[in-house]
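First up is the structure itself, then whatever we jot down about it.
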Amino acid sequence: MKKKTEQEAPRNLLKDLCGSDNGLYDYLSRNLYETPMTAISKKDLDALTQEGERNGNFGPAIDKAIFESSQHEGEAAKYAGIIRDLSSKAIGAVQLERQNYEKQGLVDRVASLDHAIEQHKFLSERTEDVLKVASKFYAEKMLELDESTERKERDKKRSHAENEEQVLKKRELAGRNERKRELRKMGRKERKLAKQQDKLDQAASEEQKVARGKKREAAAQEDLRIREKQQQDRNIRQDERSESSS
Numbered sequence: 047m048k049k050k051t052e053q054e055a056p057r058n059l060l061k062d063l064c065g066s067d068n069g070l071y072d073y074l075s076r077n078l079y080e081t082p083m084t085a086i087s088k089k090d091l092d093a094l095t096q097e098g099e100r101n102g103n104f105g106p107a108i109d110k111a112i113f114e115s116s117q118h119e120g121e122a123a124k125y126a127g128i129i130r131d132l133s134s135k136a137i138g139a140v141q142l143e144r145q146n147y148e149k150q151g152l153v154d155r156v157a158s159l160d161h162a163i164e165q166h167k168f169l170s171e172r173t174e175d176v177l178k179v180a181s182k183f184y185a186e187k188m189l190e191l192d193e194s195t196e197r198k199e200r201d202k203k204r205s206h207a208e209n210e211e212q213v214l215k216k217r218e219l220a221g222r223n224e225r226k227r228e229l230r231k232m233g234r235k236e237r238k239l240a241k242q243q244d245k246l247d248q249a250a251s252e253e254q255k256v257a258r259g260k261k262r263e264a265a266a267q268e269d270l271r272i273r274e275k276q277q278q279d280r281n282i283r284q285d286e287r288s289e290s291s292s
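Going by my numbering, the residue at position 91 of the sequence shown is 137; the numbering climbs one at a time, nothing skipped.
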């Protein structure tokens, strides 16, 4: 039997999607993943189905089929047929396992398998409803993943710019200290000309520093704008889900 390693899906999103359908919510809260890209097997559906036929565990194949359906708009009917077939095979495998435990008198284990059979029957009977909600759920999860990836990339660029600025500061300080030592070795006339050039160089350096600061500030403002827009979009989607389920 399969074991879910991910935490149950957040009640707010699933509740919005399932509305008052408690049976659907109960099933999906146990069978959808917060991080599908890491939680669901990378193997293709055929390979997972073949594994299930060998070991009696069709859970990974069912998870894969539900997720794939959410990623292939317009192919829900195709995946509904696949999932019903997998559910039927899963029920058969669990029933065989149940018989073995029943012969051994393992009542608790038999009860657990009875629940698993009911879960597979529910999926078979409510496949279209499951796929409809799962499609919306995973669309939201994938969008969150994209936003998180983009946010991490912006954070990485900001961190790089800040580190680069610190390196430049240390380099400039070391350069000034070295320049002071050089000036002490110069004659009066040479030192005067050198100081004039240093002022020009310092002004140019300061101008570049200001430009870099403005660039970092602009990037920070853009990051804030993106975060606020994404939050607004999330709120809109949440309101739409609440309205459609009410």
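Note that the Cβ used here is the ideal one computed from N, Cα and C, for glycine as well.
Cβ separation of Ser134 and Lys110, assumed to be a contact under 8 Å, to the nearest whole Å: Approximately 17 Å separates the beta-carbon atoms of Ser134 and Lys110; this is outside 8 Å, ruling out the contact.
If you run the structure through DSSP and keep just helix, strand and coil, what is Asp192? DSSP places Asp192 within a helical segment (H, G or I) once states are collapsed to three.
By DSSP, does Ala122 sit in helix, in strand, or in coil? Reduced to three states, the DSSP call for Ala122 is helix.
Start and end of the alpha helix (DSSP H) containing Asn68? In the DSSP annotation of this structure, the continuous segment of the alpha helix (DSSP H) that includes Asn68 starts and ends at 68-77.
Reference Ala162, options Lys215, Ala264, Arg172, Tyr73, closest by Cα: Out of Lys215, Ala264, Arg172, Tyr73, the CA that lies nearest to the CA of Ala162 is found in Tyr73.
Tell me, please, whether the CB atom of Ala111 is closer than 9 Å to any CB atom in chain B? Within the model displayed, chain B is absent; a lone protein chain is all it includes.
Return the first residue and the last residue of the alpha helix (DSSP H) that Met83 is part of. Going by DSSP, Met83 is part of the alpha helix (DSSP H) stretching over 82-85.
Can you find at least 3 beta carbon pairs, one from the stretch 270-278 and one from the stretch 217-226, that sit closer than 8 Å? As far as the Cβ criterion goes, the stretch 270-278 does not touch the stretch 217-226, which means the pair count is below three.
Local Cβ density within 10 Å of Asp62, reported as buried at 16 or more and exposed below that: Its Cβ being crowded by 16 or more others within 10 Å, Asp62 is buried.
Could you pull out every residue in the same chain whose Cβ sits closer than 6 Å to the Cβ of His166, ignoring the five residues on either side in sequence? Excluding positions up to five away in sequence, the list reads Ser133, Ala136, Ile137.
Judging by CA-CA distance, which residue of Gly69, Arg200, Ile128 is the nearest neighbour of Asp269? Comparing Cα positions, the closest option is Arg200.
Could you tell me which of Arg230, Gly105, Thr84, Leu94 sits nearest to Arg76, measuring between CA atoms? It is Gly105 whose Cα lies nearest to the Cα of Arg76.
For Asp142, count neighbouring Cβ atoms within 10 angstroms of its own Cβ and tell me buried if that reaches 16, exposed if not. According to the sequence provided, residue 142 is Leu. The question's Asp does not apply to it. Answer is exposed; the Cβ neighbour count stays below 16.
Measuring straight from C-alpha to C-alpha, what distance separates Glu121 and Gly127? Counting only the Cα atoms, Gly127 lies some 10 Å from Glu121.
Leaving out five residues on either side along the sequence, give the residues of the same chain with a beta carbon under 7 Å from the beta carbon of Thr173. Cβ within range, chain order: Ala126, Ile129, Arg130.
If distances are taken between C-alpha atoms only, which option among Leu191, Val140, His206 comes closest to Gly98? Comparing alpha carbon positions, the residue from Leu191, Val140, His206 closest to Gly98 is Val140.
To the nearest angstrom, report how far apart Ala123 and Ser66 are at their CA atoms. Rounded to the nearest angstrom, the two C-alpha atoms are 25 Å apart.
Closest Cα partner of Leu159 within the set Leu94, Tyr147, Arg234, Ser170: Each of Leu94, Tyr147, Arg234, Ser170 was checked against the Cα of Leu159, and the nearest Cα belongs to Tyr147.
Go through the stretch 151-230 residue by residue and report every complete run of the alpha helix (DSSP H) that reaches 4 residues or more, in order. For the stretch 151-230, whole alpha helix (DSSP H) runs of length 4 or above, ordered along the chain, are 153-171, 173-230.
Give me the residue from Arg217, Arg225, Lys245, Ala207 with the minimum Cα distance to Arg258. Closest option to Arg258, judged by alpha-carbon separation, among Arg217, Arg225, Lys245, Ala207: Ala207.
For Tyr71, I'd like the list of residues in its chain whose CB is within less than 8 Å of its CB, leaving aside the five on either flank, ordered along the chain. Residues of the same chain with a CB within less than 8 Å of the CB of Tyr71, apart from the 5 flanking positions on each side, are Leu60, Lys61, Cys64 in chain order.
Reducing DSSP to helix, strand and coil, say where Phe104 ends up. Assigned with DSSP and collapsed to three states, Phe104 falls in coil, not helix or strand.
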